[in-house]
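For reference, the structure discussed in these notes is given below.
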Amino acid sequence: MKSAWGRIAAAVAAGLAVWGPAQAQLGAVAGLPPLALPAVPPAPAATPAASQASVSSAGVAPGALATSALSRVAAPAPTARTADQAAAVAAKLPPIGAGGAVATLELSTSLEPRALSVSRDALGVVSLKAAAPISAVAASLATDAESYRAQADALLALHPEAVEPDAAGHPALRGEILGLDVSPAALAQARAAGFAVRAQETVAGLDLATVTLATPRGMAAAEALRRLRALDPAGRYDLDHIYFESGVAAAGRPAVGSANPRPAKGLRIGLVDGAAPAAIPALQHARLVQQAFAPGGLKATAHGAAVASLLVGEGPGFRGAAPGATLYVADVYGTTPAGGSALAVVRALGWLVQARVPVVNVSLVGPPNAVLGAAVAATLARGHLIVAAVGNEGPAAPPLYPAAYPGVVAVTGVDARRRVLPEAGRGAQVAFAAPGADMLASGLDGAMAEVRGTSFAAPLVAGRLAALLPEADPGRARQAVEALARQAVDLGARGPDPVYGRGLVAFELAVRPQTVRYAAGPR
């Protein structure tokens, strides 16, 4: 299967072959400078059939690289339909990426622009390969990086018995409403309206009084939430939303050699994720304290393994951000398909506060949630730092949470060339950029795997902040963030910006595939 970066290169290069505003717009979206193209006379415009007169860009995902201008191209850009034509195009167009790969557009019968990759090997031989339509390529970028929406849609489709959508389509536990600091009078009103109290608890460490209400029989959770809020306008209610991982790992292979780790003994770092497999090579010498907050107990996940290794892993050819630190892992997924609920994350934060863990990494994304927002605010008020991934929904997508809550250190990702990931979220919430692609982490089986996504940028920042904040303290937490900002390399627009935040940090912590020697055998 073609790699995610291969699709990105094809989409970006194809977009750059479009003249005028579309070229400038795509360059801005991708975070890349627009390239000046040679003047190549366009072919005559094709006359669309009657059924082709209306070409819509509605199928393009928000934030994807394809723009409405690209989706409505009526005249072909420079094309290559034979090997000779491909060679001519390859000679004229600027190189895109490693190996001199270039791309242009081919007009299809449906007027859907398609990526046409033209590559030159060391001998100058040109190979031609047609890719998917540009809209399909662009829409697949976020999916390949494990976008929130792709995972949310899949969960809703596969497990309707466990989850249901809210009014905006975000998945939440079926038939449940969360309440925060609900008064006895409001509870009585809710019971009279057909709601039932399933559980009441005070979250240890955060002193938050929560109640879980069962919705009336046959009533959708979204409608039940509207009714509760109407009954008790002063109350705080929300669904028990589901939060998802924000990155993807490829298949890996064993590494050999030494990474010369820098120990961080005495530090404590928190991880809210899936459980970490303690027996894998990268973690077998790590200090792990794990606790389950979802049904079924601890269950190691590939995402949990990768993020944990980036935090405290060390082994042959590999080093995490803070090897030697004690990692407190809160498993919020367990074995249930509806793991990762807001209440599970709230309980996890309370446990980490109780354990006096000053820096917490949350590489999970989802919608805003009233109960989770209160838990985040309570955690920060106690002098802890929360580092979170901004998500992989694309630059035009709305902010994801918990990264977008005030005070959270939101992290975006860059590749090995310090370019922001095209699928990464953008906005005022972005605090820092860190490596999120062209890098290795441990897989669930212990093999080193290439990873991509903002999930894997966040732990590098968390490791750096853990060294600056050994104990939770509100004043020192702010000082730690400012100290990290002084280390940052300003990228993009001068000063803080919505793409790179306050700049790039921890760039040297990424373990690149080309720097690692692997054990013999197929990759």
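Mapped onto our numbering, the consecutive letters of the sequence shown carry residue numbers 60 to 582. C-beta atoms are modelled at their ideal positions from N, C-alpha and C, and glycine is treated no differently.
Task: Three-state secondary structure (DSSP) of Arg-476 - done: Numbered from its first residue, the sequence shown carries residue 476 at position 417. In the structure shown, Arg-476 sits in coil (DSSP, three-state: anything other than H, G, I, E or B).
Open item on the list: If you measure between the beta carbons of Leu-369 and Pro-461, is that distance less than 8 Å?
Closed with: Taking the first residue of the sequence shown as position 1, residue 369 is located at position 310. Taking the first residue of the sequence shown as position 1, residue 461 is located at position 402. Not closer than 8 Å, so no.
Task: Rounded separation between Val-270 and Leu-402 - CA only - done: If you number the sequence shown from 1, residue 270 lands on position 211. If you number the sequence shown from 1, residue 402 lands on position 343. Roughly 10 Å between the two C-alpha positions.
Task: Test item: CB-CB of Leu-284 and Tyr-302 under 8 Å - done: Your numbering for residue 284 matches position 225 in the sequence shown. Your numbering for residue 302 matches position 243 in the sequence shown. It is not a contact, given that the beta carbons lie outside the stated cut-off.
Task: 8 Å CB neighbourhood of Val-564 in its chain, flanking five on each side removed - done: Position 505 of the sequence shown, counted from the first residue, corresponds to residue 564. Excluding sequence neighbours, Val-564 sits near Phe-491, Ala-492, Ala-493, Leu-519, Val-520, Arg-523, Leu-543, Gln-546, Ala-547 and Val-548.
TODO: Could you tell me whether the region 425 to 438 touches the region 458 to 478, using the rule of 3 or more Cβ pairs below 8 Å?
DONE: They touch, by the three-pair rule.
Task: Minimum C-alpha distance to Leu-265 - residue among Leu-272, Ala-353 and Ala-440 - done: Counting from one through the sequence shown, the residue named residue 265 turns up at place 206. Checked all of Leu-272, Ala-353 and Ala-440; the closest Cα to Leu-265 is Ala-440.
Task: Between the CA atoms of Leu-267 and Gly-466 - distance to the nearest angstrom - done: Within the sequence shown, the letter at position 407 stands for residue 466. Within the sequence shown, the letter at position 208 stands for residue 267. Using only the alpha carbons, I get a separation of about 19 Å.
- [ ] Take the Cβ of Asp-332 as the centre, count every other Cβ of all protein chains shown within 10 Å, and call the residue buried at 16 or more, exposed below.
- [x] Stepping through the sequence shown from its first residue, residue 332 is reached at position 273. Answer is buried; the Cβ neighbour count reaches 16.
TODO: Output the distance between the C-alpha atoms of Ala-569 and Leu-342, rounded to the nearest integer angstrom.
DONE: Taking the first residue of the sequence shown as position 1, residue 569 is located at position 510. Taking the first residue of the sequence shown as position 1, residue 342 is located at position 283. About 17 Å.
Open item on the list: Assess contact between the region 388 to 399 and the region 502 to 512, defined as three or more Cβ pairs (one per stretch) separated by less than 8 Å. Is contact present?
Closed with: No, the region 388 to 399 does not touch the region 502 to 512.
Open item on the list: Buried or exposed for Gly-376, going by 16 or more other Cβ atoms inside 10 Å?
Closed with: Here the question's residue 376 lines up with position 317 in the sequence shown. By the neighbour-count criterion, in which a residue is buried when 16 or more other Cβ atoms sit within 10 angstroms of its Cβ, Gly-376 is buried.
TODO: Identify whether Arg-537 lies in helix, strand or coil by the three-state DSSP scheme.
DONE: Here residue 537 refers to the residue found at position 478 of the sequence shown. In the structure shown, Arg-537 sits in a helix (DSSP, three-state: H, G or I).
Task: Pair within 8 Å by beta-carbon distance, Gly-502 and Ala-365 - done: Position 443 of the sequence shown, counted from the start, is the residue given in the question as residue 502. Position 306 of the sequence shown, counted from the start, is the residue given in the question as residue 365. Yes, these two residues count as a Cβ contact at 8 Å.
Open item on the list: According to DSSP, Thr-269 sits in a beta bridge with which residue or residues?
Closed with: Taking the first residue of the sequence shown as 1, we reach residue 269 at position 210. Thr-269 pairs with Leu-239 and Glu-260.
Task: Counted within 10 angstroms of its Cβ, other Cβ atoms place Ser-242 as buried (16 or more) or exposed - done: Working through the sequence shown from its first residue, we reach residue 242 at position 183. Exposed, since its Cβ has fewer than 16 Cβ neighbours within 10 Å.
Open item on the list: Give me the DSSP bridge partner(s) of Ile-328.
Closed with: Along the sequence shown, one-based indexing puts residue 328 at 269. DSSP lists Leu-386 and Val-418 as partners of Ile-328.
Task: Residues bridged to His-300 [DSSP beta-bridge criterion] - done: For the purposes of this step, residue 300 is identified with residue 241 of the sequence shown, where counting begins at 1. Under DSSP, His-300 takes part in a beta bridge, and its partners are Ala-231.
- [ ] For Arg-286, collect the residues of the same chain with a Cβ closer than 7 Å to its Cβ; drop the 5 residues on either side in sequence, then sort them by chain order.
- [x] For this step, residue 286 is matched to residue 227 along the sequence shown. So the qualifying residues of the chain are Ala-252.
Open item on the list: Going by DSSP in three states, Val-222 sits in which element: helix, strand or coil?
Closed with: Within the sequence shown, the letter at position 163 stands for residue 222. In this structure, Val-222 counts as strand in the three-state DSSP scheme.
TODO: Note down, in chain order, each residue of its chain lying with its Cβ closer than 8 Å to the Cβ of Gly-551, except the 5 sequence neighbours on either side.
DONE: For this step, residue 551 is matched to residue 492 along the sequence shown. Hits under 8 Å: Gly-90, Val-479, Val-558 and Tyr-559.
Task: Start-to-end residues for the alpha helix (DSSP H) that takes in Ala-564 - done: As a working note, residue 564 is residue 505 in the sequence shown. Note that residue 564 is Val in the sequence shown here, rather than Ala. Looking at the DSSP string, Val-564 is not in any alpha helix (DSSP H), and its letter there is neither H nor E.
TODO: Alpha carbon to alpha carbon, how far is Leu-290 from Ala-249? Give it in angstroms, no decimals.
DONE: As a first step, residue 249 is located in the sequence shown; it is residue number 190 there, counting from the start. As a first step, residue 290 is located in the sequence shown; it is residue number 231 there, counting from the start. Taking the straight line from one Cα to the other gives about 8 Å.
Task: N- and C-terminal bounds of the alpha helix (DSSP H) containing Leu-431 - done: For the purposes of this step, residue 431 is taken as the residue at position 372 of the sequence shown. Note, Leu-431: alpha helix (DSSP H), 429 to 440.
Task: Other residues of its chain near Gly-398: CB distance less than 7 Å, five sequence neighbours each side excluded - done: Taking the first residue of the sequence shown as position 1, residue 398 is located at position 339. Cβ within range, chain order: Ala-353, Val-391 and Tyr-392.
TODO: Provide the residue span of the beta strand (DSSP E) that contains Ala-483, from first to last.
DONE: Along the sequence shown, one-based indexing puts residue 483 at 424. Run containing Ala-483: none; DSSP gives neither H nor E here.
Open item on the list: In whole angstroms, give me the CA-to-CA distance for Gly-562 and Val-418.
Closed with: For the purposes of this step, residue 562 is taken as residue 503 along the sequence shown, with counting starting at 1. For the purposes of this step, residue 418 is taken as residue 359 along the sequence shown, with counting starting at 1. The alpha-carbon atoms of Gly-562 and Val-418 are separated by roughly 20 Å.
Task: Simplified DSSP state of Asp-556, which is helix, strand or coil - done: Position 497 of the sequence shown, counted from the start, is the residue given in the question as residue 556. Here Asp-556 sits in strand by DSSP.
Open item on the list: Can you give me the C-alpha to C-alpha distance between Gly-486 and Arg-571, rounded to a whole angstrom?
Closed with: One-based indexing of the sequence shown puts residue 486 at position 427. One-based indexing of the sequence shown puts residue 571 at position 512. So the alpha carbons of these two residues sit roughly 28 Å apart.
Open item on the list: Please report the straight-line C-alpha distance between Ala-327 and Ala-367, rounded to a whole angstrom.
Closed with: Your numbering for residue 327 matches position 268 in the sequence shown. Your numbering for residue 367 matches position 308 in the sequence shown. At residue 327 the sequence reads Arg, which differs from the Ala that was named. So the two alpha carbons sit approximately 13 Å from each other.
TODO: Identify the continuous alpha helix (DSSP H) that holds Leu-444 and give its terminal residues.
DONE: Along the sequence shown, read from residue 1 onward, the residue named residue 444 stands at position 385. Per DSSP, Leu-444 belongs to no alpha helix (DSSP H); it is in the beta strand (DSSP E), 444 to 448.
Task: Euclidean distance between Cα positions of Glu-530 and Val-421 - done: One-based indexing of the sequence shown puts residue 530 at position 471. One-based indexing of the sequence shown puts residue 421 at position 362. Straight-line Cα distance between these residues: approximately 19 Å.
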